[in-house]
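Chains as they are written, first to last, in this note's numbering: chain A, 1 to 170; chain B, 1 to 102; chain C, 1 to 726. C-beta: ideal position from N, C-alpha, C; glycine also. Written below as structure tokens is the structure these notes are about.
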């Protein structure tokens, strides 16, 4: 077992446990905190996949913004949900079943795919990867359109969020 | 020397955990958390495939970047909606929001 | 213009006048009467042209003015109709044209043209007069104009069409058409004042009675057609045809008659109806309910003459099979009925008080004369009397209308409620209505047969002479007696009406009628005097031979062999002078001092017989009991209750019930369960399904997601595993 594999396994276990705790924790704030841990784990995976940029993005965007948003939202909607009662609804077994079924299905599909057990190819010119990504995002014959649209989407989301959640002036 | 399969299996499990959360949790914010887990697993998948299948290409990365952006936007709007609903109905239990009931 | 063309066009103007008045000018009185009188003038003009050309033609009888038209295709030949002007129809055309025109002109004045409309006048009733104020503000009542003025002219126009058609036709079919049109117009015009119940009853009685005659006539026509194959006179009167008809026995050996005899009798029955002979005479006196021009035209001059015209026309058929001047059975029947009717009607006329009734019975009697004359074979005499009678009877009727108008004027003036038609309310009118008096006198003398200067003398004398000369003693005596009575009642009528002193205030205030009424009287009076001179027999002492006997030559020429003129015999002349002058004197003597309110002297003299005469021998009552009441009873009980209501209505009600039940069955067993049920089923089904399915829509997002994922993943994995077959 190489050290990479060991790191992988540990981080995977941590992330998965964190994930399970997100969905089963009774307290919403606890869920949010477990979510932060899961996201961290995913960031580590990005590093393992030699996509360091994404790891950083993950931490900044997901943990720094989204998870904080979750915490704020929990605090803003706290009055009712005071950590009482079940956190899962009635037919949780059906959800579990579906999720498990999906897992089995995906696994079966993947197992029968020939590229399933391939190994990582060697990466060349690592230093230019980031600038390549940046160029790709703004180059007219590459991905500028999705990039711009994404930015429009963000603006719209921002405006929408402000509008929807903003307090109405009396 | 981690085979691709490990990543894929991991991503699948994470996805299913997130799915479980979406289907089962009562609190709307918790549902959104489940969605975040799913989106993250998708990103892992994308990057894994990029790394293992076409590391010289850019498409995988670009796609992943876009997914980030979309996920952020979606969480923002979703939470705004939940807060707005909370203001009106003083509840964030998903089952209570059944105005579209027959 | 050829004579044939003119003849074709003769019936047309009155018909056009009828249609135009009915459709267009009904509201405009002056225009309507102008159309009608104008049409009568046109037809009169045409008739005069035709007549004068006819008498100028030699041997018109053997080649008459004739023209035929192919009308109906019948197998491989045609039913033809046409016109025929031979001497008989020319003479008839002459008097028809004149009398029709005079009566049309008379009608303008009779219906009070120019007078104001009445105050309470209603359509369907006689006009009652209008109140006018003269220059001093005095209000008095004057006669008012007839409310249905234009309608009258339309009807008499249609009637004139019928008569002209009958006269000019060359076949029995169009004759019958004209016959029936006149019957219709008679019905319409007798009941002209249709709101009067007596008029309504009279119009139906007239039509029904003449219908009885017409049915038999139609049988005769049909029989004739089947035997001869044609209805045209030229075909029927061929000597071979007549011989054949007289030698074949009638259908079924009917009473031992020959075919010709049976046909003749059947056709004659039509005349009995139309010319009001006994026993179908009952309609004519009641027909006096119509306006006087109607009585004059239809029931004196033209329609009743049409019956006689028809038998005169069919004389060769009636005479077919006679050996040497002996009478055939058909002729015997005619003689008996004609003579009987002549005396029968004369006796009734003696006891009548209504001025028009006297004339009605007089007409019946004179028609009897003509038929008796024809029955004994006096062809020319019968035709001659037909012509003269038309003129003087029309004159008498128009005169009576003038008298009635004059007395009515007095009635309106004084406001008395007396019957203006009762002669016992008149008297002394010769001073008040001189023109009417003198013309009426001339007509009355003509009717009585006043010697030499009146037409009636010449024609009646000829009939008596024929009867005497051919040895028909009974007929001679009967007709002579009838002539006596005729003179008596005529003078009775004249004396009561015109001579003596007025018996009522209304008669005192009577006034002469306007020129539209007196001018026709004068013209007809001229004819009543002069026309007789065209028929003076050549062997008459002194004056015979000065003018040739045009009538005998001309009309006699219609027959295949001109009948020979009888040598003169003094006896019939003496007899006719005695009866005529004697009757007139007797009438004057009895009635000259008739006072107002006094009894009729005849009543005192005859006692109960008088009441028998006055009630017309109770024939109306007899017919009522024997025929009319049973008919009504049958109609009501059998036809109405049993046939109509029971059977026909029963069938209809049954059908209706069946249909209704079928409909109900359809409704309850098919429509409701199946059709409605299906519709309801679909609707209810959809609702039920919806109600059961809607539970899926909980509004809860997680459940939607579960459902979606189950399906989505299921489908996805299915496809993945089948199509990428591992």
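Enumerate in chain order the residues of its own chain whose CB-to-CB distance from residue i is below 6 Å, with the five nearest sequence positions on each side excluded.
| i | result |
| --- | --- |
| residue 68 of chain C | 80 and 82 |
| residue 498 of chain C | 429, 430 and 437 |
| residue 371 of chain C | 334 and 338 |
| residue 37 of chain A | 18 |
| residue 87 of chain C | 60, 61, 554, 555, 557 and 558 |
| residue 127 of chain C | 118, 121, 144 and 146 |
| residue 43 of chain B | 64 and 67 |
| residue 205 of chain C | 283 and 286 |
May I have the straight-line CA-CA distance separating residue i from residue j, to the nearest angstrom?
| i | j | result |
| --- | --- | --- |
| residue 31 of chain C | residue 25 of chain C | 7 Å |
| residue 339 of chain C | residue 646 of chain C | 49 Å |
| residue 306 of chain C | residue 313 of chain C | 10 Å |
| residue 420 of chain C | residue 493 of chain C | 14 Å |
| residue 755 of chain C | residue 555 of chain C | This structure gives no information on residue 755 of chain C, because the portion of chain C shown stretches from 1 to 726. |
| residue 317 of chain C | residue 333 of chain C | 14 Å |
| residue 69 of chain A | residue 100 of chain A | 30 Å |
| residue 454 of chain C | residue 94 of chain C | 19 Å |
| residue 31 of chain B | residue 23 of chain B | 8 Å |
| residue 32 of chain A | residue 105 of chain A | 29 Å |
| residue 155 of chain A | residue 9 of chain B | 35 Å |
| residue 40 of chain C | residue 160 of chain C | 8 Å |
Return no unless some Cβ of chain C is closer than 8 Å to the Cβ of residue i.
| i | result |
| --- | --- |
| residue 27 of chain A | no |
| residue 22 of chain B | yes |
| residue 115 of chain A | no |
| residue 98 of chain A | yes |
| residue 22 of chain A | no |
| residue 95 of chain B | yes |
| residue 45 of chain B | no |
| residue 19 of chain A | no |
| residue 94 of chain A | yes |
| residue 69 of chain A | no |
| residue 152 of chain A | no |
Compare the C-beta of residue i against all C-beta atoms of chain B and say whether one is closer than 8 Å.
| i | result |
| --- | --- |
| residue 50 of chain A | yes |
| residue 711 of chain C | no |
| residue 45 of chain A | yes |
| residue 706 of chain C | yes |
| residue 112 of chain A | no |
| residue 4 of chain A | yes |
| residue 160 of chain A | yes |
| residue 56 of chain A | no |
| residue 131 of chain A | no |
Is there a Cβ from chain A that is less than 8 Å from the Cβ of residue i?
| i | result |
| --- | --- |
| residue 29 of chain B | yes |
| residue 723 of chain C | no |
| residue 101 of chain B | no |
| residue 40 of chain B | yes |
| residue 717 of chain C | yes |
| residue 25 of chain B | yes |
| residue 88 of chain B | no |
Could you list which residues in chain D have their beta carbon closer than 9 Å to that of residue i, in chain order?
| i | result |
| --- | --- |
| residue 35 of chain B | Among the protein chains of the structure shown, namely A, B and C, there is no chain D. |
Once the 5 residues before and after residue i are set aside, which same chain residues still bring their CB inside 7 Å of it?
| i | result |
| --- | --- |
| residue 70 of chain C | 78 and 80 |
| residue 472 of chain C | 376 |
| residue 155 of chain C | 185, 188 and 189 |
| residue 733 of chain C | Shown here, chain C extends from 1 to 726; a query on residue 733 of chain C therefore has no answer. |
Who are the near neighbours of residue i in its chain, counting only those whose CB is closer than 8 Å to its CB and skipping five residues on each side?
| i | result |
| --- | --- |
| residue 249 of chain C | 256, 257, 258 and 259 |
| residue 37 of chain B | 14, 15, 17, 18 and 21 |
| residue 422 of chain C | 353, 354 and 355 |
State the CB to CB distance for the pair residue i and residue j, rounded to an integer number of angstroms; the pair is presumed to be in contact (CB under 8 Å).
| i | j | result |
| --- | --- | --- |
| residue 157 of chain A | residue 66 of chain B | About 14 Å separates the two Cβ atoms, so there is no contact after all. |
| residue 77 of chain A | residue 92 of chain B | 5 Å |
| residue 465 of chain C | residue 569 of chain C | 6 Å |
Closer than 7 Å to a non-hydrogen atom of the ligand SAH - does that hold for the CB of residue i?
| i | result |
| --- | --- |
| residue 29 of chain A | The ligand SAH is not among the ligands present in this structure, which contains no ligands whatsoever. |
Contacting positions in the region 690-702 of chain C - beta carbon closer than 7 Å to chain B: For the region 690-702 of chain C, which is checked against every Cβ of chain B, the residues closer than 7 Å are 694, 697, 698, 699, 700, 701 and 702.
Can you list, in chain order, the residues of the region 675-689 of chain C whose Cβ is nearer than 8 Å to any Cβ on chain A? Residues: none.
Chain C contacts from the region 137-150 of chain A (Cβ-Cβ distance under 9 Å): Interface annotation for the region 137-150 of chain A against chain C: empty, criterion Cβ-Cβ distance under 9 Å.
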